[in-house]
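Notes to accompany the following structure.
Protein chains: 2
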Amino acid sequence: MRSFELFLPTRLIYGADCLEKLSSATAAYGRKALVLYGGGSVVRSGLLDRVKAALPGVECVDFAGIEPNPRIESVRRAVKVCRDESVDFIVAVGGGSVLDASKAIAAGFYYDGDAWDLVLDHSKIGRALPIFAVLTLAATGSEYDGAGVITNEATQEKLHLGAPNLFPVASFCDPSVSTTVPAWHTAAGAADIVSHVFEQYFVSETNEVSDGFCEAVLRAVVHNAPKAVADPNDLDARSALMLASSFGCCGLLAVGNSPSPWPCHGIEHEISAFHDVTHGAGLAVITPHWMRYTLNAETAPKFAQLGVNVFGLDPKAGVEANARKAIECTAEFFASIGLPRTLAELKVTDEHFEEMAEHVEKFWYPLANAFRPIDRAGVLEILRASL
Amino acid sequence: MRSFELFLPTRLIYGADCLEKLSSATAAYGRKALVLYGGGSVVRSGLLDRVKAALPGVECVDFAGIEPNPRIESVRRAVKVCRDESVDFIVAVGGGSVLDASKAIAAGFYYDGDAWDLVLDHSKIGRALPIFAVLTLAATGSEYDGAGVITNEATQEKLHLGAPNLFPVASFCDPSVSTTVPAWHTAAGAADIVSHVFEQYFVSETNEVSDGFCEAVLRAVVHNAPKAVADPNDLDARSALMLASSFGCCGLLAVGNSPSPWPCHGIEHEISAFHDVTHGAGLAVITPHWMRYTLNAETAPKFAQLGVNVFGLDPKAGVEANARKAIECTAEFFASIGLPRTLAELKVTDEHFEEMAEHVEKFWYPLANAFRPIDRAGVLEILRASL
Numbered sequence: 011m012r013s014f015e016l017f018l019p020t021r022l023i024y025g026a027d028c029l030e031k032l033s034s035a036t037a038a039y040g041r042k043a044l045v046l047y048g049g050g051s052v053v054r055s056g057l058l059d060r061v062k063a064a065l066p067g068v069e070c071v072d073f074a075g076i077e078p079n080p081r082i083e084s085v086r087r088a089v090k091v092c093r094d095e096s097v098d099f100i101v102a103v104g105g106g107s108v109l110d111a112s113k114a115i116a117a118g119f120y121y122d123g124d125a126w127d128l129v130l131d132h133s134k135i136g137r138a139l140p141i142f143a144v145l146t147l148a149a150t151g152s153e154y155d156g157a158g159v160i161t162n163e164a165t166q167e168k169l170h171l172g173a174p175n176l177f178p179v180a181s182f183c184d185p186s187v188s189t190t191v192p193a194w195h196t197a198a199g200a201a202d203i204v205s206h207v208f209e210q211y212f213v214s215e216t217n218e219v220s221d222g223f224c225e226a227v228l229r230a231v232v233h234n235a236p237k238a239v240a241d242p243n244d245l246d247a248r249s250a251l252m253l254a255s256s257f258g259c260c261g262l263l264a265v266g267n268s269p270s271p272w273p274c275h276g277i278e279h280e281i282s283a284f285h286d287v288t289h290g291a292g293l294a295v296i297t298p299h300w301m302r303y304t305l306n307a308e309t310a311p312k313f314a315q316l317g318v319n320v321f322g323l324d325p326k327a328g329v330e331a332n333a334r335k336a337i338e339c340t341a342e343f344f345a346s347i348g349l350p351r352t353l354a355e356l357k358v359t360d361e362h363f364e365e366m367a368e369h370v371e372k373f374w375y376p377l378a379n380a381f382r383p384i385d386r387a388g389v390l391e392i393l394r395a396s397l
Numbered sequence: 011m012r013s014f015e016l017f018l019p020t021r022l023i024y025g026a027d028c029l030e031k032l033s034s035a036t037a038a039y040g041r042k043a044l045v046l047y048g049g050g051s052v053v054r055s056g057l058l059d060r061v062k063a064a065l066p067g068v069e070c071v072d073f074a075g076i077e078p079n080p081r082i083e084s085v086r087r088a089v090k091v092c093r094d095e096s097v098d099f100i101v102a103v104g105g106g107s108v109l110d111a112s113k114a115i116a117a118g119f120y121y122d123g124d125a126w127d128l129v130l131d132h133s134k135i136g137r138a139l140p141i142f143a144v145l146t147l148a149a150t151g152s153e154y155d156g157a158g159v160i161t162n163e164a165t166q167e168k169l170h171l172g173a174p175n176l177f178p179v180a181s182f183c184d185p186s187v188s189t190t191v192p193a194w195h196t197a198a199g200a201a202d203i204v205s206h207v208f209e210q211y212f213v214s215e216t217n218e219v220s221d222g223f224c225e226a227v228l229r230a231v232v233h234n235a236p237k238a239v240a241d242p243n244d245l246d247a248r249s250a251l252m253l254a255s256s257f258g259c260c261g262l263l264a265v266g267n268s269p270s271p272w273p274c275h276g277i278e279h280e281i282s283a284f285h286d287v288t289h290g291a292g293l294a295v296i297t298p299h300w301m302r303y304t305l306n307a308e309t310a311p312k313f314a315q316l317g318v319n320v321f322g323l324d325p326k327a328g329v330e331a332n333a334r335k336a337i338e339c340t341a342e343f344f345a346s347i348g349l350p351r352t353l354a355e356l357k358v359t360d361e362h363f364e365e366m367a368e369h370v371e372k373f374w375y376p377l378a379n380a381f382r383p384i385d386r387a388g389v390l391e392i393l394r395a396s397l
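Quick mapping for you: the protein sequence lines, in order, are chains A and B. First residue of the first sequence? That's 11 in the numbering used here, and the numbers climb one at a time after it. First residue of the second sequence? That's 11 in the numbering used here, and the numbers climb one at a time after it.
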């Protein structure tokens, strides 16, 4: 087992009654909040009003318009508002994009230079505004981690920032809120969760505890995403997905494992940096092709383990057959919840593939450390197979 | 899924190199430490010296002699030393007993009355000294929770105290340290971990994520405890057990579940309050008898699930057969690692059974809420069956 450090300072509060605890959770942090959100869905659903009503005595400064794949321009504008208004903390109401943006804003508030510097160099992240997250969508796990992904359109870069003090102070997760999420985003969120787990599960060294934790989260997603897509009001399915999302990125699933360079995320971030595709949909396309690229005699046992422990394959069928079948089960799972099989369906062409491969090499973790090492040619091979 | 709150503020630091981080972790908390430990094993193994060497510039005040099933008298004496010496924090070096005691001492330091009050009434727990835990034994999970169990010999009570601010600030877990733990305590620790999981797994309402997490921890213990007992230096087995222990009591395994009154712990604490038996050994005796008492048409599916997902039983054998077999697998597992099957082997007679049943009724959580409700007669039935 490898050395590791697990630090999960966020108070994770689940349930239909969770907002009742919002006021007491923020009490020690001040009286003025930036309330951050995206489009109109949290307005239309009434959630925004419920959040503000749960903060009596707190002056709320609205900041709307955080986009999917949140942009550094929005972060910069929000940092300025936080400073102009001297807010004490941030209440981020939304899915991964809003929560991710809140982290860059929280750190940007105390940073003298441009917030993009913090994305390029995490050592520049110092103090941060306290963040309180009200989750609407099961996907990124941003409610229980200290990281965020920000897009810079000017440079066509989509990169992450992260630091332990960017964990929300508390996250408020009411699965019933997610019943208004449309099927497409429900499915894309599920693919994002699956990918988070795969990125930590498919590494050279794991253990029985971390594998079991990963498989528990995967089974919850594989069994419940189709139910939530079929019936948006299936609260049990919504609950399972939200719980699965929260544990996806927090470090719990990788305890004692060898490190992972998160290859599918590295490649997908390039796709959604060049084309404004939904992150989870991009992952659903890339992941089975990454699996096919990665499958060899050395990696087959782990793919077969996925097949047996998550997709219920019969171990008697043997490692080789089960490994291949597990990959097809994964692809079928994504397709079954309405996600694309090809980049063409997402209107992505091969125009920027060379640049993407270059970016992965330049900015992402070294993919030479992936479950099967991937070089620049390998990234191109995966991208081309995904077209 | 039930509402829940998960708050895990401890920095959990695993690895052979973990003590390298002790000094930086304590730096912000002061320059004078109470170093708390039990018998001579941490002295003989050299661990105590290594801990002190890892704290340059910190004045260490030794407090030795914390006993298994730690006594309130020791807590009182240690509180006095902490006050007389004006220590800034506690470094607890040991297994569950030392870590549990550190929590009562930490809270007792700031409490004006007698420390036993805090055990009897958790609402009296206020501020607490910061705790840093150096773990030697995989068992109680005290390194990653905010609770402790303290024995009052004068009143023959063994009760727990708990509060969120009693979580250690950081816990340092080097599995190689546990290679010096004798077979008996290794086995008893494994039984303690299994029982922690059972107490949360066998409740009326669970979910796929919490069940999967529980089963991952159980498999790790069932597969690795025999290896660690057979070969104390099996580092992989020691690592799996330590990791399993850390997640046993922190709340992670019960996310979204209906609450549990921890029946086996309620009964076992009575046994070890009246007779100085090893907690885990008492649990190994009680647990299979509690399972047999609890097995009925309603509870059988969950016992069968344990059989299939942890002991590898064939689901085709059917729920009833697998439920019965899972109970026997559990009993055989405990016996296979050298733990007793009867209270008689622990020199426990039926002399105090009536008092024990009364205490459970009076001081423990209501066992009417157990997986199968247990009344006073039921406690007696389980105790008598265990003789």
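The beta carbon of each residue, even a glycine, is placed where N, CA and C say it ideally should be. Bear in mind that the values here come from a model prediction, so they are computed numbers and not experimental data.
Between B/S188 and B/L147, the gap from beta carbon to beta carbon is short of 8 Å. The closest CA to that of B/G156, considering only B/I337, B/G258, B/L305, is found on B/G258.
Within the segment 269 to 295 of chain A, no residue has its Cβ closer than 7 Å to any Cβ of chain B. Listed along the chain, the chain A residues whose CB falls inside 8 Å of the CB of B/H233 are E218. In this structure A/A180 touches A/F142 by the C-beta definition: roughly 6 Å separates them, less than 8 Å. Within the segment 167 to 224 of chain A, the runs of alpha helix (DSSP H) that reach at least 4 residues and sit entirely inside it are, in chain order, 193 to 211. B/G388: member of the alpha helix (DSSP H) spanning 386 to 396, first to last residue. Taken residue by residue, none of the segment 367 to 394 of chain B has a beta-carbon sitting less than 7 Å from a beta-carbon on chain A. According to DSSP, A/G158 shares a beta bridge with A/L171. Taking 8 Å as the threshold, the shortest C-beta distance from B/V101 to chain A does not fall below it. At a C-beta separation below 8 Å, A/P185 has these neighbours in chain B: M11. For A/L263, the number of other beta carbons within 10 angstroms of its own is at least 16, and it is reported as buried. Contacts with chain B at 8 Å (Cβ-Cβ) include A/R21. Distance from the Cα of B/L305 is smallest, within the candidate group B/A336, B/A283, B/K237, B/D286, for B/A336. Considering only beta carbons, the part of the segment 248 to 267 of chain B lying closer than 8 Å to chain A consists of S249, A250, L253, A254, F257, L262, V265, G266, in chain order.
Below the 8 Å Cβ cutoff, chain A contributes no neighbours of B/L57, its closest Cβ being approximately 18 Å away. Contact of A/A226 with chain B is assigned, a C-beta pair being separated by under 8 Å. Contact of B/A26 with chain A by beta-carbon distance below 9 Å involves S13.
In the structure shown, the three-state DSSP call for B/C260 is coil. DSSP lists no beta-bridge partner residue for B/V320.
By the rule that beta-carbons nearer than 8 Å mark a contact, B/L16 touches chain A. In this structure, A/N379 sits near A/P269, with a CB-CB distance shorter than 8 Å. Contact of B/G172 with chain A by beta-carbon distance below 7 Å is absent, the smallest such distance being about 16 Å. Across the structure, A/V207 and B/G317 are spaced so that their CA atoms are roughly 26 Å apart. A direct Cα-Cα distance of roughly 38 Å separates A/S51 from B/E225. With a threshold of 16 other beta carbon atoms within 10 Å, B/T359 falls short and is exposed. Apart from the 5 residues on each side of it in sequence, B/A230 sits with its Cβ closer than 8 Å to the Cβ of A250, L251, L253, A254 in its chain, given in chain order. By a beta-carbon distance limit of 8 Å, B/L293 contacts B/E278. Their separation comes to about 5 Å. Residue pairing of A/G118 in beta bridges, as defined by DSSP: absent, with no partner found.
About 12 Å separates the beta carbons of A/V159 and A/E280, which is beyond the 8 Å limit, so they are not a contact pair. Cβ-Cβ separation between B/C274 and B/T297: approximately 5 Å, consistent with a contact (criterion under 8 Å).
The beta carbon of A/A230 sits closer than 8 Å to some beta carbon of chain B. In the three-state reduction of the DSSP assignment, A/P325 falls in the helix class. In the same chain as A/Y121, and ignoring 5 residues on each side of it, the C-beta atoms closer than 8 Å to its own belong to D127, L128, K134, I135, G136, in chain order.
Secondary structure remark: continuous beta strand (DSSP E) runs of at least 3 residues inside the segment 37 to 115 of chain B, in chain order: 42 to 46, 69 to 73, 99 to 104.
A/A333 counts as buried, since no fewer than 16 other beta carbons sit within 10 angstroms of its beta carbon.
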